[in-house]
Amino acid sequence: MKKMVIGIASQQAIRARALAIARGDHQPRLNESKIWFTSMRSLAEVLSDDNRALIRLNLAH
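Read in numbering that gives the first Met the number 0, the sequence shown has 3 at position 4, and its numbers run on one by one without any break.
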């Protein structure tokens, strides 16, 4: 399975980062998070057993 780097930040910080990247003010490094969540709880919801099964099914195709 492939390793993913996940970031946790406020919605405002995530938005500011995305806009900075779009403007060219920020160049993400290769080891920076590509997937962001606003809380550990929202991450846990995405990684529930049912959702992980869907992710595996999607990656298989």
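Glycine included, every Cβ here is placed at the ideal spot set by N, Cα and C.
Note that the structure is a prediction, hence the values are computed from the model and not measured.
### Task
Give the straight-line distance between the Cα atoms of D48 and I54, rounded to the nearest whole angstrom.
10 angstroms
### Query
Which residues does DSSP pair with I5 in a beta bridge?
I34
### Task
Taking 9 angstroms as the cut-off, decide whether the C-beta atoms of G6 and E31 are in contact.
yes
### Task
Keeping to the same chain, check which residues put their C-beta closer than 8 angstroms to that of L42; ignore five residues upstream and five downstream.
I5, I7, F36
#### Entry: Where S41 falls: helix, strand or coil (DSSP)
helix
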